[in-house]
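Colleague: Chains as they are written, first to last, in my numbering: chain A, 146 to 369; chain B, 146 to 369.
C-beta: ideal position from N, C-alpha, C; glycine also.
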DNA sequence: TCTATCAGATGTACGCTGTACGCACGACGC
DNA sequence: GCGTCGTGCGTACAGCGTACATCTGATAGA
């Protein structure tokens, strides 16, 4: 029986680029980019490793395609609302997409061959700002500031090696343990009286900073 | 001659953790984190790969130590100046350190075992803000906003796959080439009339955004 | 001065990775 | 029945991190 690697049914659904990319995204969501090996993706698809290479050129090409999937999940700022709510909604949507696909954070803006969803997204954001009265230099300022903040926040949030307050507590102990007590009083106070307080959720810092930025851009837009 | 792998002189300088870490930083600065293999670091030190393991526990431990080297290069906000110039100087210093050590950007805040330079840095920043009148919640807001922006900017800047305007031009052609002309009019206008203009330097966007953030924090501090 | 000890450098080896290359096999047009 | 072709597979190789056992050169004690 040569066609042993069938689906749960006897019929074998043919491998496609889309199926490969989707399986890879799913795997990376769980195992990170480090854990994303061609062999694992192949196993998830019940297929031999080399079968993937019929549909993607190599691992880098696969990652290119995965990034475009993430871009396709971001809400485009297309509605009739003003630029501020539109940018706010896009920022939150981007943040959520990056939270779902943490492996993507460092890669979103690094593609040599950006996919259609990627280009479409940037085109829509720029268009929205332009039509709201931003001149081109101001678009550059705003886009750089907004995306810097969004990606940076996602990056630091993602990298936090804890998910719950209990984790955080354990880690704080672990962190300070090799050092004399009170060597870092300001940091200790900050961690103990604020970050470790029940109810503190670092995620909520995002909105605060976002409003500061949006207000700042609004003010700059008025005086330009 | 058993001790063939000597220095340029006959005397062999002993391997130390510091020498290993320094060589690794140097190598990563040139070759990136991907290119940082234990074997290459060993070769740079004229030493067998396994010799490194006498001084670092494993690759992860080596990277931990490398990150602390980067932290040690950031100017601490300790002077008598106000919080605003102090934060500005720290931000620029951090940006420059990340530009020198691009491989570090995604890792700075992800260490399970932060080194002394790391903790000292955070302690100093928090201390500066506290003594300038920021309450603890406001410190969290400010730190999150500032570092999010700094790391995010470094990330997007690093990822830009070009260094000169000529590179950028070539890449823009390459990017749009697979798509119909005018499919992305806003993006095309933005790239052609602004980003590709001689004299445009993306790096300078950093200061603009930084001032928006610092002004926003100052305003928030006043109304709190 | 001879010898025991031991830290530090090494060599070998294993399981993992991406992927080049050639082959096998089912589907299809004639 | 027979080429032709697209798709999946098997083999193979170089390079990776690192476990483990071994070797060696310097030092300490007699």
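On a Cα-Cα basis, can you pick out the residue from A:268, A:283, A:365 that is closest to residue 333 (chain B)?
Modeller: Taking only the C-alpha atoms, the option nearest residue 333 (chain B) is A:268.
Colleague: Using 8 Å as the Cβ pair cut-off and three pairs as the minimum, do the stretch 180-194 of chain B and the stretch 219-226 of chain B touch?
Modeller: They do not touch, by the three-pair rule.
Colleague: Are there any heavy atoms of the ligand COA lying less than 7 Å away from the beta-carbon of residue 163 (chain B), as far as the coordinates show?
Modeller: The model depicted lacks the ligand COA and carries no ligand whatsoever.
Colleague: Name the residue from A:363, A:351, A:359, A:361 whose alpha carbon lies nearest to the alpha carbon of residue 241 (chain A).
Modeller: Among A:363, A:351, A:359, A:361, the Cα nearest to that of residue 241 (chain A) is on A:351.
Colleague: Have a look at B:299, B:199, B:281, B:190 and flag the residue whose alpha-carbon is nearest the alpha-carbon of residue 248 (chain B).
Modeller: The option with the nearest alpha carbon to residue 248 (chain B) is B:299.
Colleague: State the start and end residues of the unbroken alpha helix (DSSP H) segment that holds residue 186 (chain A).
Modeller: Taken as a continuous stretch (DSSP letters only), the alpha helix (DSSP H) holding residue 186 (chain A) covers 183-189.
Colleague: Count the other CB atoms within 10 Å of the CB of residue 265 (chain B); is the residue buried (16 or more) or exposed (fewer)?
Modeller: With 16 or more other Cβ atoms within 10 Å, it is buried.
Colleague: So if I threshold CB-CB distances at 9 Å, which residues from the stretch 306-325 of chain A count as touching chain B?
Modeller: Those residues of the stretch 306-325 of chain A that come within reach of chain B (Cβ to Cβ, closer than 9 Å) are 306, 316, 319, 320, 321, 323, 324.
Colleague: Under a three-way DSSP split, which group does residue 204 (chain B) fall into?
Modeller: In the structure shown, residue 204 (chain B) sits in a helix (DSSP, three-state: H, G or I).
Colleague: Residues of chain B with CB under 9 Å from residue 175 (chain A), in chain order?
Modeller: None at all; the shortest Cβ gap to chain B is about 18 Å.
Colleague: For residue 166 (chain A) and residue 215 (chain A), which I take to be in contact (beta-carbon distance under 8 Å), what is that distance rounded to the nearest angstrom?
Modeller: Rounded, the Cβ-Cβ distance is 11 Å, inconsistent with contact.
Colleague: Decide if residue 156 (chain B) is buried, meaning its Cβ has at least 16 other Cβ atoms within 10 Å, or exposed.
Modeller: Caution is warranted here: a pLDDT of 47 is assigned to residue 156 (chain B), below 50, making its placement in the model unreliable, and the coordinate value is therefore given only provisionally. Residue 156 (chain B) should be labelled exposed.
Colleague: Run down chain A in chain order and give the residues with a C-beta less than 8 Å from the C-beta of residue 265 (chain B).
Modeller: 329, listed in chain order.
Colleague: Counting contacts by CB-CB distance shorter than 8 Å, is residue 198 (chain A) in contact with chain B?
Modeller: Taking Cβ atoms only, chain B never reaches closer than 8 Å to residue 198 (chain A), which makes this a no.
Colleague: Under 9 Å Cβ-Cβ, which residues of chain A neighbour residue 339 (chain B)?
Modeller: What residue 339 (chain B) touches in chain A: 281, 282, 284, 285.
Colleague: For residue 179 (chain B), count neighbouring Cβ atoms within 10 angstroms of its own Cβ and tell me buried if that reaches 16, exposed if not.
Modeller: With fewer than 16 other Cβ atoms within 10 Å, it is exposed.
Colleague: Select from A:360, A:190, A:348 the residue whose C-alpha is nearest the C-alpha of residue 160 (chain A).
Modeller: Cα-wise, what sits closest to residue 160 (chain A) is A:190.
Colleague: Can you say whether residue 271 (chain A) is buried or exposed, counting buried as having 16 or more other CB atoms within 10 angstroms of its CB?
Modeller: When all chains shown are included, residue 271 (chain A) counts as buried.
Colleague: Which same chain residues end up closer than 6 Å to residue 210 (chain B) when comparing Cβ atoms and leaving out the 5 residues on each side of it in sequence?
Modeller: Same-chain partners within the cutoff: 166.
Colleague: Could you tell me if residue 386 (chain A) is buried or exposed, where buried requires 16 or more neighbouring beta carbons within 10 angstroms of its beta carbon?
Modeller: Past the boundaries of the shown model lies residue 386 (chain A); chain A is included only from 146 to 369, so the question cannot be answered.
Colleague: I'd like to know whether the C-beta of residue 249 (chain A) is nearer than 8 Å to at least one C-beta of chain B.
Modeller: By this cut-off, residue 249 (chain A) is not an interface position.
Colleague: Starting from the C-beta of residue 362 (chain A), find all residues in its chain whose C-beta is less than 6 Å away, skip the five residues before and the five after it, and write them out in chain order.
Modeller: The residues are 287.
Colleague: With a threshold of 8 Å between beta carbons, is residue 216 (chain B) in contact with chain A?
Modeller: Answer no: the Cβ-Cβ gap between residue 216 (chain B) and chain A never drops below 8 Å.
Colleague: Is there a Cβ from chain B that is less than 8 Å from the Cβ of residue 147 (chain A)?
Modeller: Caution applies to residue 147 (chain A), whose pLDDT of 34 falls short of 50 and renders its modelled position unreliable; the value that the coordinates give is listed next. Answer no: the Cβ-Cβ gap between residue 147 (chain A) and chain B never drops below 8 Å.
Colleague: Can residue 281 (chain B) and residue 338 (chain A) be called in contact, C-beta distance under 8 Å?
Modeller: Going by C-beta atoms, residue 281 (chain B) is nearer than 8 Å to residue 338 (chain A).
Colleague: Any C-beta of chain B sitting closer than 8 Å to the C-beta of residue 365 (chain A)?
Modeller: It does; some Cβ of chain B falls within 8 Å.
Colleague: Leaving out the 5 sequence neighbours to the left and right, which residues in its chain are closer than 8 Å to residue 172 (chain A) when beta-carbon positions are compared?
Modeller: Excluding sequence neighbours, residue 172 (chain A) sits near 180, 181, 185, 186, 189.
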